[in-house]
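Presented below is the structure to which this report refers.
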Amino acid sequence: MFLLMGITSGQKELPFRQVAACISCGSYAAYQVFITFSVFSLFFIPILRWNKKYYVRTTCCNTVFQLDENVGRRIARGEQVQIMPEHLQGINGHWSAVRRCASCGFSTMDNFDYCPKCGRPLS
141 MFLLMGITSG
151 QKELPFRQVA
161 ACISCGSYAA
171 YQVFITFSVF
181 SLFFIPILRW
191 NKKYYVRTTC
201 CNTVFQLDEN
211 VGRRIARGEQ
221 VQIMPEHLQG
231 INGHWSAVRR
241 CASCGFSTMD
251 NFDYCPKCGR
261 PLS
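Residue numbers (this note's numbering): 141 to 263.
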């Protein structure tokens, strides 16, 4: 008899959108909320989920913030919640934004002051 089981990680986007000013770049953008988790599956059926973490991604600069756990749980339950700047925190003490050069279009996740491709200042 074979027993198929496994532990994997998953991600799910929650049906929540809020338009607000991005605290990373200052542009108006939509907040997209998603959850990451670990899951134990038996015969490809998810049995147990743990290590749930809630995140917000902005549509302007693709910055990802960790969302306060209580606010994330309320959003997952379908409650109407207003995400405030104090509910967001940078990941590992910094913002993980995708920065794009206005001159050449080069994209980078690193915190450069100047574009590594063309040398122009990144705004």
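Ideal Cβ positions, reconstructed from N, Cα and C, are used throughout, including at glycine.
Boundaries of the alpha helix (DSSP H) harbouring Glu-209: 209-216, taken from the DSSP string. Proximity of the segment 177-184 to the segment 205-218 falls short of the contact definition, fewer than three beta-carbon pairs being nearer than 8 Å. In this structure, the CA atom of Gly-230 is about 35 Å from the CA atom of Met-145.
For Gln-151, the enclosing beta strand (DSSP E) covers residues 145-161. In this structure Phe-174 touches Gln-151 by the C-beta definition: roughly 6 Å separates them, less than 8 Å.
Just so you know, the alpha carbons of Cys-200 and Glu-153 end up roughly 17 Å apart. In the DSSP secondary-structure assignment, Leu-228 is bridged to Leu-207. DSSP places Val-179 in the strand class (E or B) of the three-state scheme. Look at Leu-188 here: in three-state DSSP terms it is strand.
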